[in-house]
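S.K.: Just so you know, the sequence shown maps onto residues 15 to 110 in the numbering used here. Every residue gets a Cβ at the ideal spot worked out from N, C-alpha and C, and that includes glycine. Everything numeric in this text was worked out from a predicted model, so none of it was measured.
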Amino acid sequence: MTTLVLGGTGFIGKRAVPRLVQRGEKVVVMDINPGAADFSEFGDQVEVMRGDIMQFQDVVTAIMHAKPDRIMNLAYLLGSGDDTPHFTMKLNILGM
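#1: Out of Gly27, Gln36 and Ser54, point me to the one whose CA is closest to methionine 44's CA.
#2: Which residue wins for smallest C-alpha separation from threonine 23, given the options His79, Phe53 and Asn106?
#3: List in chain order: all unbroken beta strand (DSSP E) runs of 3+ residues lying wholly within the region 24–81.
#4: Considering just the uninterrupted stretch of the beta strand (DSSP E) at methionine 86, what are its terminal residues?
#5: Taking the alpha helix (DSSP H) that threonine 98 belongs to, which residues open and close that run?
Below, the structure written as C-alpha cells:
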C-alpha cells in the first residue's frame, strides 16, 4: 500500500511517517519544506518531494507521481495566525 502524506515533514507528519513504514507501507511525502525531517533511515520506503498544498497543480503532480492508495493531509500552519489570518485560514481549513 502506498500513502501520500501531505505536510509530512511537520510535527505530526514526522511521527506518522515512521508508523506507516513500520506497517509495511511505502510513503510519499509532499511538503513545502522537505528538509524539515530526515527519513533517510527508511531507504526507498519513504520518498520526499517539495510541493505546496495551496497549489492545486503541486497536489495533482504528487498524486500522479505517487499513485497512492490513500492520502493523509497533515498540512497546517502552527500558531495563532494573527498576522496573516486569511492565509492561515486558507491553509488550515481549506487546504487547497
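M.R.: From the atom records:
#1: Indexing the sequence shown from 1 puts residue 44 at position 30. Comparing Cα-Cα distances from methionine 44 to each of Gly27, Gln36 and Ser54, the minimum goes to Gly27.
#2: Along the sequence shown, one-based indexing puts residue 23 at 9. That would be Phe53, whose Cα lies nearest to the Cα of threonine 23.
#3: The region 24–81 contains these whole beta strand (DSSP E) runs: 40–45 and 60–64.
#4: One-based indexing of the sequence shown puts residue 86 at position 72. From DSSP, the beta strand (DSSP E) with methionine 86 extends over 84–87.
#5: For the purposes of this step, residue 98 is taken as the residue at position 84 of the sequence shown. Boundaries for threonine 98: no alpha helix (DSSP H) harbours it, and the DSSP string shows neither H nor E there.
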